[in-house]
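Notes to accompany the following structure.
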Amino acid sequence: GIKIRQKFPEKVMVWLGACSKGVTPLVILGQGTVDHVEYIEKVLPIALKYGNDAFGKHWIFSTGWCETSHSSPNTKMVPG
Numbered sequence: 003g004i005k006i007r008q009k010f011p012e013k014v015m016v017w018l019g020a021c022s023k024g025v026t027p028l029v030i031l032g033q034g035t036v037d038h039v040e041y042i043e044k045v046l047p048i049a050l051k052y053g054n055d056a057f058g059k060h061w062i063f064s065t066g067w068c069e070t071s072h073s074s075p076n077t078k079m080v081p082g
């Protein structure tokens, strides 16, 4: 019979924040690209909680601006 063999392993996208006080919990996002809705719903709550717990109200969240979900106008106006 015909054997089907996967050429590459399963892919998963993850997000992790790092700062002078440590790292955030790992966010597993699944395959493909992340749109602004998924970024707001899954990544920002983790980033905001960690930032507030680690630094109080005196911190700035910054990204590498390499993905469209980071640079979407919708993600720039999230209250925290």
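Sequential numbering from 3 applies to the sequence shown in my numbering.
C-beta: ideal position from N, C-alpha, C; glycine also.
Computed from a prediction, not measured in an experiment: that's the story for all the values here.
{"Asked": "Just mark A20 as buried or exposed, buried being the case when its beta carbon has 16 or more other beta carbons within 10 Å.", "Found": "exposed"}
{"Asked": "Helix, strand or coil, according to DSSP, for K16 in the structure here?", "Found": "This sequence places Val at residue 16; Lys is not what is there. V16 falls in the strand class under three-state DSSP."}
{"Asked": "According to DSSP, what are the bridge partners of I6?", "Found": "The partner list for I6 (beta bridge, DSSP) is empty, contrary to what the question assumes."}
{"Asked": "What distance in whole Å lies between the Cβ atoms of T26 and I42, which are believed to be in contact at a cut-off of 8 Å?", "Found": "Wrong, their Cβ atoms sit about 16 Å apart, outside the cutoff."}
{"Asked": "Please report the distance separating the alpha-carbon of V14 from that of I6.", "Found": "21 Å"}
{"Asked": "Determine the direct distance from the alpha carbon of I4 to that of D37, and round the result to whole angstroms.", "Found": "38 Å"}
{"Asked": "For the stretch 31-68, list the alpha helix (DSSP H) runs that are entirely contained and at least 4 residues long, ordered along the chain.", "Found": "46-57"}
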